[in-house]
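This report refers to the structure that appears directly beneath it.
Numbering (my numbering), first residue to last: 2 to 499.
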């Protein structure tokens, strides 16, 4: 027998053995197991049919006016076409005649779900943000106008109200803390505006931080979530809402198996506050924090990298009043461990305003405990904003007839200053001053003073003082003129005699 014939016979024998083994396995399986292999995974049709009536399409419209001076779109005609010239001339004449620009409607679609038969609907804040009109479209064809009860940009949640003629089908919240990686979940929504759709998948990960907000703690799922699914529910297999579908990672806009949902444990507290107050009322500690790196562990007296390192405390804030200082590492808040920096903002926000809480810190290698009476975040943000404004004003300076200020984001927007431009911006020029003689104006930037680069008004004032004390009669400034597109040129200004 040839070698080829032997190999062929050997291959056939191996195939026969495999078939025999599969037959033995098949005989060992119970009848239900064999049926499962034949029919595939258990159907969720009954569950989807039960839950779908409570999931709605959210349709919004917004009137957007064209910017003054902008031209309406010219029909898509070839360059040089006489008809194109006609349309351009027509629209230009309308502009010259002072006709107001026409507004246009911008429509968007999303999803939502009913949590109260009286007409309370939950969706994402970004679905209804800026909307002039909101409509909830139900699977049975019913359309109801919706109004906003409250919204929260930090968690991207919104609560809507409709007035139905009869009680609506509603779905309950479940406990998202109980779900595990690998558990089956089902998403129902309105992808691409095509109508209700059901997708099934598993929980891929928990506690995801995607830098969408200060309280990121997303559930990651591979249940297909596409455009239009935003605001829709993520159900467990008991038919309870364990998440609100919010974001996806996708280069094309379609699902690639990476979707994120706000956990019900996070959403329920926010929704309760929005329903009761129309706004959130979060706790406020009054600290700026940063993460603890491995290189900091020894110097901070920790056993490992954990906790939230206090970088600064807000003056008159709850933490300062309690005695917490920069350099402290917060390791426990309200008897709950703080393993990572991002744990602390969420724990504080979920704690009632005015509650006295225990805060454990590591200070110079020793554990200390403080009792802190929490403030309200929304009021704390105003305090911080005022403090920042005062700090900015304190950095201003008046020299040689000029009022100088730091280049803030507001200054960049006001004077159209490019991001890469550094120095001190002129905000006012006194008449009959050395600066006025050289025709310096608000918006001009001083980049150098006395042949030294400057980064702030204080740098300019300091350099002027140095040259005056040396008895110099003038100072050379490198100025970026706003009226000349910030082209640099040197100007000499007279100094007071020292």
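Beta carbons: idealized from backbone N, C-alpha and C, even for Gly.
Among the options, which one has its Cα closest to the Cα of residue i?
i, options, result
"residue 298", "328, 273, 324", "328"
"residue 43", "158, 185, 138", "185"
"residue 461", "450, 470, 235, 151", "450"
"residue 446", "469, 240, 472, 417", "417"
"residue 264", "210, 258, 253, 311", "210"
"residue 493", "477, 338, 364", "477"
"residue 355", "124, 285, 470", "285"
"residue 153", "140, 452, 129, 309", "129"
"residue 112", "198, 220, 227, 57", "57"
"residue 266", "178, 382, 403", "178"
"residue 169", "277, 118, 143", "118"
"residue 376", "305, 321, 268", "321"
"residue 425", "434, 438, 410, 433", "410"
"residue 196", "259, 250, 59", "59"
"residue 52", "143, 124, 110, 234", "234"
"residue 250", "459, 222, 110, 142", "222"
"residue 370", "398, 336, 232", "336"
"residue 310", "295, 136, 289", "289"
"residue 190", "423, 140, 131", "140"
"residue 1", "115, 228, 435, 483", "Nothing can be reported for residue 1, as the shown portion of the chain is limited to 2 through 499."
"residue 388", "443, 318, 433, 365", "318"
What's the C-alpha gap between residue i and residue j?
i, j, result
"residue 367", "residue 175", "41 angstroms"
"residue 201", "residue 156", "24 angstroms"
"residue 463", "residue 218", "48 angstroms"
"residue 262", "residue 324", "38 angstroms"
"residue 55", "residue 206", "27 angstroms"
"residue 342", "residue 334", "12 angstroms"
"residue 287", "residue 374", "11 angstroms"
"residue 396", "residue 406", "7 angstroms"
"residue 215", "residue 345", "10 angstroms"
"residue 428", "residue 414", "14 angstroms"
"residue 160", "residue 402", "54 angstroms"
"residue 452", "residue 440", "21 angstroms"
"residue 126", "residue 158", "5 angstroms"
"residue 47", "residue 352", "39 angstroms"
"residue 487", "residue 480", "8 angstroms"
"residue 259", "residue 360", "37 angstroms"
"residue 1", "residue 213", "Any property of residue 1 remains undetermined from this structure, which presents the chain solely from 2 to 499."
"residue 303", "residue 296", "11 angstroms"
"residue 444", "residue 399", "15 angstroms"
"residue 85", "residue 50", "In this predicted model, residue 85 has a pLDDT of only 48, less than 50, meaning its place in the structure is not dependable enough to derive any value."
Using the DSSP secondary-structure output, state which residues sit across from residue i in a beta bridge.
i, result
"residue 432", "Beta-bridge pairing links residue 432 to no other residue."
"residue 427", "405"
"residue 138", "58, 144"
"residue 490", "480"
"residue 234", "245"
"residue 117", "121"
"residue 108", "62"
"residue 201", "187"
"residue 396", "BP columns for residue 396 are empty, so no partner."
"residue 209", "219"
"residue 570", "Nothing about residue 570 can be reported from this structure: the residues present for the chain run from 2 to 499 only."
"residue 331", "309, 362"
"residue 440", "DSSP lists no partner for residue 440."
Beta-carbon within less than 8 angstroms of residue i's beta-carbon, same chain only, minus the 5 sequence neighbours each way: which residues are those?
i, result
"residue 385", "315"
"residue 6", "Its pLDDT being 47, under 50, residue 6 is placed unreliably by the model, and the measurement read from it follows with that caveat. Answer for residue 6: no residue qualifies."
"residue 180", "186, 204, 207, 220, 237, 243"
"residue 437", "402, 430, 431"
"residue 270", "351"
"residue 485", "none"
"residue 272", "116, 123, 158, 160"
Excluding the 5 residues flanking residue i on each side, which residues of the same chain have their C-beta closer than 7 angstroms to its C-beta?
i, result
"residue 133", "62, 63, 64"
"residue 183", "203, 204"
"residue 162", "120, 121, 147, 148, 150"
"residue 45", "187, 201"
"residue 1", "The displayed coordinates of the chain run from 2 to 499. Any statement about residue 1 would go beyond what the structure contains."
"residue 248", "211, 213, 261"
"residue 77", "Any reading at residue 77 must be qualified, since the residue scores a pLDDT of 47, below 50, and its modelled position is unreliable; the value itself is stated next. Correct list: empty, nothing qualifies."
"residue 365", "302"
"residue 165", "120, 145"
By Cβ distance below 6 angstroms, which residues in the same chain neighbour residue i in space, the five residues on each side in sequence not counted?
i, result
"residue 283", "350, 378"
"residue 70", "Note on residue 70: pLDDT 47, under 50, position unreliable in the model; the coordinate value appears next. If we look at residue 70 and ignore the five residues flanking it on each side, it has no Cβ neighbours."
"residue 225", "200, 256"
"residue 404", "428, 429"
"residue 308", "293, 330, 331, 332, 339"
"residue 198", "192"
"residue 357", "372, 374"
Identify every run of the alpha helix (DSSP H) within the region 241-302, keeping only runs that are complete inside it and at least 4 residues long; order them along the chain. 265-278, 298-301
Kindly provide the ranges of any beta strand (DSSP E) runs that are 3 or more residues long and lie completely inside the region 145-194, ordered along the chain. 148-153, 158-162, 185-190
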